[in-house]
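Heads up, the thing below is written out as structure tokens.
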């Protein structure tokens, strides 16, 4: 299900010593910038805040491999156990709804023996950030690469991501003929 950085190096026969970043890579301590004020009027003097977070790369593997972009779209990855411990979600909600893919914008990543340091987690597809690849490469160089979600799991996440943002939404319900 996951490949650790060491596993990635051994999985690429005669490849580069440093495996490039790809879709599904999970990295720790990525600096994210945000504005705390969520009102309609943000004062000009408001300053952005930042936090360090675990993220997963959502940008397509082909775009990264072919250097079609200098930035990557990432989503925040939350430790599911921590969300339950802090009371932000109920364990039953994760078990019954999120794991089945029934919650808009959330994707469940199970813990797996292939990456013992990675707990059950939730990808928040509503908390997206565009990050320079140089910053992500720097995190990887500093040992912050946790693991990589591998095929076909990363494609399943990509499908859930596309479903989250490609749904057809109408501003008002449309009428039907009686």
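Residue numbers (our numbering): 147 to 324. The beta-carbon is built from N, C-alpha and C at its ideal position, and this holds for glycine as well.
Proximity winner among the options, relative to residue i (alpha-carbon distances)
| i | options | result |
| --- | --- | --- |
| residue 290 | 200, 147, 178 | 200 |
| residue 234 | 195, 268, 246, 150 | 268 |
| residue 251 | 282, 216, 240, 306 | 306 |
| residue 277 | 304, 222, 147 | 222 |
| residue 148 | 209, 308, 256, 295 | 295 |
| residue 228 | 192, 216, 266, 180 | 266 |
| residue 273 | 298, 284, 224, 245 | 224 |
| residue 175 | 232, 245, 288, 193 | 288 |
| residue 164 | 284, 245, 298 | 284 |
Own chain residues within Cβ distance below 6 angstroms of residue i, not counting five before or after
| i | result |
| --- | --- |
| residue 150 | 261, 293 |
| residue 310 | 251, 271 |
| residue 220 | 201, 203, 275, 277 |
| residue 258 | 147, 148 |
Neighbour-count burial assignment, residue i, 16 or more Cβ in a 10 Å radius
| i | result |
| --- | --- |
| residue 318 | exposed |
| residue 323 | exposed |
| residue 320 | exposed |
| residue 169 | buried |
| residue 308 | exposed |
| residue 300 | buried |
| residue 316 | exposed |
| residue 253 | buried |
| residue 171 | buried |
| residue 203 | buried |
| residue 226 | buried |
| residue 208 | exposed |
| residue 264 | buried |
| residue 240 | buried |
CB of residue i within 8 angstroms of CB of residue j, strictly
| i | j | result |
| --- | --- | --- |
| residue 178 | residue 197 | yes |
| residue 173 | residue 303 | no |
Chain D within 8 angstroms of residue i, Cβ atoms only
| i | result |
| --- | --- |
| residue 165 | The question asks about chain D, but that chain is absent: this structure has only one protein chain. |
Nonlocal neighbours in the same chain, by C-beta distance under 8 angstroms from residue i, ignoring five residues either side
| i | result |
| --- | --- |
| residue 210 | 166, 167, 168, 169, 203, 218, 279 |
| residue 312 | none |
| residue 247 | 253, 254, 306 |
| residue 237 | 230 |
| residue 214 | 208 |
Cβ shell of residue i (< 7 angstroms), same chain only, five flanking positions each side left out
| i | result |
| --- | --- |
| residue 243 | 249 |
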